[in-house]
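Have a look at the structure below, then the notes.
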Amino acid sequence: MKIIVLNGSPKGDLSVTMQYILYIQKKFPQHELKILNVAQQIKHLDRDQEKFYEIIEEIKASDGIIWGTPVYVLLVPSQYKRFIELITERNAKGAFKDKYTVALTTSIHFFDHTAHNYLHAICDDLEMKYVGKFSPDMNELFRSENRTKLIHFAKNFFYAIENNIPTSKHFPPLNYRNFSYNPNKIEVKKNKISTEGKKILIITDSTDDRTNLGKMINTFRNSFTENIEIINIYDINIKGGCLGCCQCGYDNQCVYKEKDEFMAFWNQKLKPSDILVFAGNIKDRYLSSRWKMVFDRAFFNNHVPTLIGKQIAFIISGPLSQIPNIKQIFQAYLESQGSNCVDFITDEFGDSAEINSVLQNCAHQLIRFSNSNYIQPETYLSVGGKLLFRDAVYSRLRLIFRADDKYYEKQGFYDTFPQNDEMAKKMNEQLIPVIENNEKFRKKFYSMIKEAIVNPLKSIVAHPDK
Ligand SMILES: Cc1cc2nc3c(=O)[nH]c(=O)nc-3n(C[C@H](O)[C@H](O)[C@H](O)COP(=O)(O)O)c2cc1C
Numbered sequence: 003m004k005i006i007v008l009n010g011s012p013k014g015d016l017s018v019t020m021q022y023i024l025y026i027q028k029k030f031p032q033h034e035l036k037i038l039n040v041a042q043q044i045k046h047l048d049r050d051q052e053k054f055y056e057i058i059e060e061i062k063a064s065d066g067i068i069w070g071t072p073v074y075v076l077l078v079p080s081q082y083k084r085f086i087e088l089i090t091e092r093n094a095k096g097a098f099k100d101k102y103t104v105a106l107t108t109s110i111h112f113f114d115h116t117a118h119n120y121l122h123a124i125c126d127d128l129e130m131k132y133v134g135k136f137s138p139d140m141n142e143l144f145r146s147e148n149r150t151k152l153i154h155f156a157k158n159f160f161y162a163i164e165n166n167i168p169t170s171k172h173f174p175p176l177n178y179r180n181f182s183y184n185p186n187k188i189e190v191k192k193n194k195i196s197t198e199g200k201k202i203l204i205i206t207d208s209t210d211d212r213t214n215l216g217k218m219i220n221t222f223r224n225s226f227t228e229n230i231e232i233i234n235i236y237d238i239n240i241k242g243g244c245l246g247c248c249q250c251g252y253d254n255q256c257v258y259k260e261k262d263e264f265m266a267f268w269n270q271k272l273k274p275s276d277i278l279v280f281a282g283n284i285k286d287r288y289l290s291s292r293w294k295m296v297f298d299r300a301f302f303n304n305h306v307p308t309l310i311g312k313q314i315a316f317i318i319s320g321p322l323s324q325i326p327n328i329k330q331i332f333q334a335y336l337e338s339q340g341s342n343c344v345d346f347i348t349d350e351f352g353d354s355a356e357i358n359s360v361l362q363n364c365a366h367q368l369i370r371f372s373n374s375n376y377i378q379p380e381t382y383l384s385v386g387g388k389l390l391f392r393d394a395v396y397s398r399l400r401l402i403f404r405a406d407d408k409y410y411e412k413q414g415f416y417d418t419f420p421q422n423d424e425m426a427k428k429m430n431e432q433l434i435p436v437i438e439n440n441e442k443f444r445k446k447f448y449s450m451i452k453e454a455i456v457n458p459l460k461s462i463v464a465h466p467d468k
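One rule links them: number in the working numbering = place in the sequence shown (from 1) + 2.
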């Protein structure tokens, strides 16, 4: 059989992910796995339609497709997303219909599941026959039990094609609301508020005033008595997506550095703001690849949070509520950044008057929260994510990500290892042997466990000064 591998790594042949593909090739020499470096060549494919259609012809002639890609910033690299956008823009969806497919990523398991949700949804949108996913850590190929899993995965894919097995769909098609948002300008004017000296920045990939997004942005801006700065990310000179070179690991300096405006945009515009609004249209199962490029290029900060304490809201046009994956990605991203994810406002619900009021309320809320420095408690998304980063930066990432290591050390991130919790250590040392060996004590201990947990909290609630 002939299988086309769409390589999402900007590193092309030097991709870690492609080593997993090459291993499959070694174990199944009876099949041909042809790797196409679509992400690495994206500028070329974007410019040159003929080159793009050559790939589409290869896809048409193939027996199956492997989406092989690294996870970048909780999704796939922006270059890969651009390739996916081109499929629809250039009317090439038909080539993918009914093709058997699998998705294979490598990562460090930080939100690899959201990248897979995305890829699976794309496959369902393209009406492909999605057989399954494989999501190893980048180093899993070293262990023989993992290589065995990889062989099983590949075997199952080839079996599916050879036996024409039925496949289940998981993501229903998106349903776009046919609604034109028309704000009543007098109403918007009535309820203006002051920024109270807060620096607010709107970042968008569209400023077209005729669209719902453009109008929603305007309503939000007009909610303030002062002028609110807006930046269209297409107006920033960004030479390209993240190259995955990791040279930023040493001192957070991107290889593009002064060759384009991205670092200056992030450091001089985003970072000094108190309040940020990210605005965009839904494009396939995320925002645009341009937006993705922004998040990928911000990786020059590696695992150091740079948006600490900021209030951030989203204004999105399109069926966001049908793609909970997007919200999860942004909530996780912002929580990990130490910022407050205030709201997601869309044009999916309510009439124009209702959208006006939620936008104005959001403006109000952003100022109130900013004044009180309110950051919501973290959820599993960043509690789990930060532990994963801490362990990785302490160990195998330490050599490359020197800037991360220095920051983590300075901020005391390493002090939070469980083995550094002296109180827990002492308690466990003293009490575990007694619980294990003294039945009378054990019974008493477990009978009073509920009170023991709640009593210290009760004392805070009852305290007159707390
Ligand atoms: C810009 C960038 C963003 C990344 N984002 C993530 C991420 O969100 N989650 C994760 O687990 N790994 C992330 N990684 C790690 C890569 O997924 C991992 O190193 C992968 O194996 C690289 O594969 P490749 O060599 O095929 O490009 C990121 C790496 C880079 C360079």
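Note that beta-carbon positions come from the ideal geometry of N, C-alpha and C, so glycine has one too.
Considering residue i, what are the terminal residues of the beta strand (DSSP E) in which it resides?
i      : result
Asn342 : Asn342 to Thr348
Gly282 : Ile277 to Asn283
Gly134 : Lys131 to Phe136
Leu128 : Here Leu128 belongs to no beta strand (DSSP E), and DSSP marks it neither H nor E.
Ala315 : Gln313 to Ser319
Ile238 : Ile238 -> no beta strand (DSSP E), and no H or E assigned at all.
Glu260 : From DSSP, Glu260 is part of no beta strand (DSSP E); its letter is neither H nor E.
Lys36  : Glu34 to Leu38
For the alpha helix (DSSP H) containing residue i, list its first residue and its last residue.
i      : result
Gln51  : Gln51 to Lys62
Leu390 : Tyr382 to Tyr396
Leu336 : Pro326 to Gln339
Ile5   : Where Ile5 is concerned, there is no enclosing alpha helix (DSSP H), although the beta strand (DSSP E) it sits in stretches over Lys4 to Asn9.
Leu215 : Asn214 to Arg223
Lys460 : Ile451 to Ala464
Lys29  : Thr19 to Lys29
Thr428 : One point to set straight first is that residue 428 is Lys, not Thr, in the sequence displayed. Run containing Lys428: Glu424 to Asn439, per the alpha helix (DSSP H) assignment.
Glu164 : Ser146 to Glu164
Asp15  : No alpha helix (DSSP H) holds Asp15; DSSP gives it neither H nor E.
His305 : Taken as a continuous stretch (DSSP letters only), His305 belongs to no alpha helix (DSSP H), as it is neither H nor E.
Gln367 : Ser354 to Asn373
Pro291 : In the sequence as displayed, the identity of residue 291 is Ser instead of Pro. Element bounds for Ser291: Ser291 to Arg299.
Lys273 : No alpha helix (DSSP H) holds Lys273; DSSP gives it neither H nor E.
Ligand 1 and residue i: does the residue's C-beta get closer than 7 Å to at least one heavy atom of that ligand?
i      : result
Val7   : no
Ser11  : yes
Pro72  : yes
Val78  : no
Phe113 : yes
Ser17  : yes
Met425 : no
Cys256 : no
Ile163 : no
Phe144 : no
Ile328 : no
Thr308 : no
Trp110 : First, the residue type needs correcting, since residue 110 is Ile and not Trp in the sequence shown. Yes, the Cβ of Ile110 comes within 7 Å of a heavy atom of ligand 1.
Met20  : yes
Met265 : no
Asp210 : no
Met491 : In the structure displayed, the chain extends from 3 to 468; residue 491 sits before or after that span and is not available.
Val75  : yes
Gly282 : no
Phe85  : no
Cys364 : no
Asp298 : yes
Excluding the 5 residues preceding and the 5 following residue i in the sequence, name in chain order all residues of the same chain whose CB lies nearer than 6 Å to its CB.
i      : result
Trp293 : Asp207 and Gly282
Lys29  : Ile153
Gln27  : Leu35
Leu176 : Pro321 and Gln324
Leu245 : Pro12
Asp65  : Met3, Lys4 and Ile163
Apart from the five residues on each side of it in sequence, which residues of its chain come closer than 8 Å, Cβ to Cβ, to residue i?
i      : result
Phe226 : Lys194, Ile195, Ser196, Thr197, Ile202 and Ala365
Asn220 : Pro185 and Asp211
Thr209 : Gly216, Ile219, Ile232 and Asn234
Asn166 : none
Gln51  : Arg92
Within a Cβ cutoff of 7 Å, which residues of the same chain sit near residue i, ignoring the five residues on either side of it in sequence?
i      : result
Ala300 : Trp268
Ala334 : Leu76, Phe113, Leu383, Ser384 and Gly387
Ile124 : Ile86, Asp286 and Arg287
Ala394 : Ile110
Ser291 : Ser80, Lys83, Arg84 and Glu87
Ile357 : Tyr183, Met218 and Asp349
Ile328 : Tyr288 and Leu322
His118 : Ala105, Thr107, Lys135 and Ser137
Val296 : Ile235
Subject >> Entirely enclosed alpha helix (DSSP H) segments - the stretch 71-112, minimum 4 residues >> reply: 80-91
Original post:
What are the uninterrupted segments assigned as alpha helix (DSSP H) that are 4 or more residues long and contained completely in the stretch 173-204, given in chain order?
Top reply: 187-192
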